[in-house]
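*Asks:* In the UniProt record's numbering, the protein residues as written are 1 to 123. Can you keep this structure in mind? I'll have questions shortly.
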């Protein structure tokens, strides 16, 4: 928002946040990450993968879902950069990405849900 915009209510100051607020299009990546975690199934899968590396079949059994349904959720999580894979022969293993973003989201999910992780400290 530029400083030449006239605000409907003048409170005697133009906050710095208004002048440095990025354009809406700059929030695409952030919105995509939150979109992926807005689904409770994906959120649960992500939390599981924050604590262990698993194959689709084990995740499906844990989630009580079909493997194709789980694979769909994993594709979306991987596309958003929250999950990464490792191949061992024909088997593909999934885990939370080794990124600050994934670690912070892990922390936030556990904080919001009042869960205790084996790592009590904030990443």
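Even for Gly, the Cβ is constructed at its ideal location relative to N, Cα and C. Treat the numbers as computed from the prediction; the structure is a model and nothing was measured.
For residue 71 and residue 81, what's the separation of their Cα atoms in angstroms?
*Replies:* Stepping through the chain shown from its first residue, residue 71 is reached at position 71. Stepping through the chain shown from its first residue, residue 81 is reached at position 81. If you take the alpha carbons of residue 71 and residue 81, they lie about 15 Å apart.
*Asks:* So, is residue 53 buried or exposed, given that buried needs 16 or more other C-beta atoms within 10 angstroms?
*Replies:* Within the chain shown, the letter at position 53 stands for residue 53. Burial call: exposed.
*Asks:* Following the continuous beta strand (DSSP E) through residue 93, name the residue where it begins and the one where it ends.
*Replies:* Within the chain shown, the letter at position 93 stands for residue 93. From DSSP, the beta strand (DSSP E) with residue 93 extends over 91-96.
*Asks:* Closest to residue 78 by CA distance: which of 115, 31, 10 and 46 is it?
*Replies:* Within the chain shown, numbered from 1, the residue matching residue 78 stands at position 78. Taking each of 115, 31, 10 and 46 in turn and checking the Cα distance to residue 78, the smallest one comes out for 46.
*Asks:* Identify which residue in 111, 23, 37 and 102 has its Cα closest to the Cα of residue 84.
*Replies:* By 1-based counting over the chain shown, the position of residue 84 is 84. With distances taken between Cα atoms, residue 84 lies closest to 102.
*Asks:* Compare the beta carbon distance of residue 95 and residue 86 with 9 Å and say whether it is the shorter of the two.
*Replies:* By 1-based counting over the chain shown, the position of residue 95 is 95. By 1-based counting over the chain shown, the position of residue 86 is 86. Yes, they are a contact pair.
*Asks:* Tell me whether the beta-carbon of residue 33 lies closer than 9 Å to the beta-carbon of residue 105.
*Replies:* Position 33 of the chain shown, counted from the first residue, corresponds to residue 33. Position 105 of the chain shown, counted from the first residue, corresponds to residue 105. Yes, these two residues count as a Cβ contact at 9 Å.
*Asks:* Would residue 63 pass as a contact of residue 92 if the rule is Cβ separation under 9 Å?
*Replies:* Position 63 of the chain shown, counting from 1, holds the residue named residue 63. Position 92 of the chain shown, counting from 1, holds the residue named residue 92. No, they are not a contact pair.
*Asks:* Give me, in chain order, the residues of the same chain whose beta-carbon lies closer than 8 Å to that of residue 60; leave out the 5 immediate sequence neighbours on both sides.
*Replies:* As a position in the chain shown, residue 60 is number 60, starting the count at 1. Excluding sequence neighbours, residue 60 sits near 66, 67, 69 and 70.
*Asks:* In the DSSP assignment, the beta strand (DSSP E) including residue 23 goes from what residue to what residue?
*Replies:* Taking the first residue of the chain shown as position 1, residue 23 is located at position 23. Boundaries for residue 23: no beta strand (DSSP E) harbours it, and the DSSP string shows neither H nor E there.
*Asks:* Contact check, residue 108 vs residue 43 under 8 Å by CB: the rounded distance?
*Replies:* Here residue 108 refers to the residue found at position 108 of the chain shown. Here residue 43 refers to the residue found at position 43 of the chain shown. Their Cβ separation, rounded to whole angstroms, is 11 Å, which puts residue 108 and residue 43 out of contact at 8 Å.
*Asks:* Does the Cβ-Cβ distance between residue 56 and residue 37 come in under 9 Å?
*Replies:* Taking the chain shown and counting its residues from 1, the one referred to as residue 56 is at position 56. Taking the chain shown and counting its residues from 1, the one referred to as residue 37 is at position 37. In this structure, residue 37 does not lie closer than 9 Å to residue 56 by Cβ.
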